[in-house]
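J.: Starting off with a structure, shown below.
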Amino acid sequence: MLLRPRRSLSPFETDAKPTANWFLKGMTGNVLNPKIGVFYVSFLPQFIPQGHSLIAWTFGLVSIHVVIGLIWSLTLIRVTQPLAAVLRREKVITWMDRSTGMIFVLFAARLAFAKR
Numbered sequence: 013m014l015l016r017p018r019r020s021l022s023p024f025e026t027d028a029k030p031t032a033n034w035f036l037k038g039m040t041g042n043v044l045n046p047k048i049g050v051f052y053v054s055f056l057p058q059f060i061p062q063g064h065s066l067i068a069w070t071f072g073l074v075s076i077h078v079v080i081g082l083i084w085s086l087t088l089i090r091v092t093q094p095l096a097a098v099l100r101r102e103k104v105i106t107w108m109d110r111s112t113g114m115i116f117v118l119f120a121a122r123l124a125f126a127k128r
């Protein structure tokens with residue numbers, strides 16, 4: 013990264029075939045992610061009024077969470093799309109790779125010289 017950064021964002025040549033059903037793969041990963049379930053089980057019950065329908069309120073709060081996540085994701089996509097052309101430039105790629113490499117070197121140095 014530091015000495016020989018990439019010149020483009022073109023992917024490496026591999027024998028792997030691209031999967032056609034990317035949506036199903038992503039959805040499965042999200043549904044099977046235990047962190048989301050732990051979040052909903054531990055965080056959301058405190059916002060459900062006592063004596064009200066647990067299922068209805070949980071569904072409502074999860075729906076709000078999903079809508080906020082969609083709005084955030086769409087905002088990120090919309091804002092960063094114009095930056096894609098800049099981020100594909102050779103000089104920017106070189107600068108990002110060298111910066112990332114330097115950060116790794118600094119982390120390694122910090123670990124090497126840390127007192128136990």
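Everything in the sequence shown is counted per the numbering used here, starting at 13 for the first residue and increasing by one.
C-beta: ideal position from N, C-alpha, C; glycine also.
1. Terminal residues of the continuous alpha helix (DSSP H) containing residue 105?
2. For residue 16 versus residue 105, is the C-beta spacing smaller than 8 Å?
3. Return the Cβ separation of residue 69 and residue 80 in integer angstroms, given the expectation that the two are a contact with Cβ distance under 8 Å.
4. Starting from residue 55, follow the alpha helix (DSSP H) in both directions and report where the run begins and ends.
5. For a test of the three-state rule: what should DSSP assign to residue 61, helix, strand or coil?
6. With residue 73 and residue 56 assumed to form a contact (beta carbons below 8 Å), what rounded beta-carbon distance in angstroms separates them?
7. Which value, in whole angstroms, describes the spacing of the CA atoms of residue 75 and residue 97?
T.: Result, derived from the coordinates:
1. On the sequence shown, position 93 is the one that residue 105 refers to. Per DSSP, residue 105 belongs to the alpha helix (DSSP H) from 102 to 124.
2. Position 4 of the sequence shown, counted from the first residue, corresponds to residue 16. Position 93 of the sequence shown, counted from the first residue, corresponds to residue 105. In this structure, residue 105 does not lie closer than 8 Å to residue 16 by Cβ.
3. Residue numbering aside, residue 69 sits at position 57 when the sequence shown is read from its first letter. Residue numbering aside, residue 80 sits at position 68 when the sequence shown is read from its first letter. No, residue 69 and residue 80 are not in contact; Cβ-Cβ is about 17 Å, not under 8 Å.
4. One-based indexing of the sequence shown puts residue 55 at position 43. From DSSP, the alpha helix (DSSP H) with residue 55 extends over 46 to 55.
5. Counting from one through the sequence shown, the residue named residue 61 turns up at place 49. Residue 61: coil per DSSP, three-state reduction.
6. Position 61 of the sequence shown, counted from the start, is the residue given in the question as residue 73. Position 44 of the sequence shown, counted from the start, is the residue given in the question as residue 56. At roughly 5 Å, the Cβ-Cβ gap stays under 8 Å, so residue 73 and residue 56 are in contact.
7. Walking along the sequence shown from the start, residue 75 turns up at place 63. Walking along the sequence shown from the start, residue 97 turns up at place 85. Roughly 35 Å separates the two Cα atoms.
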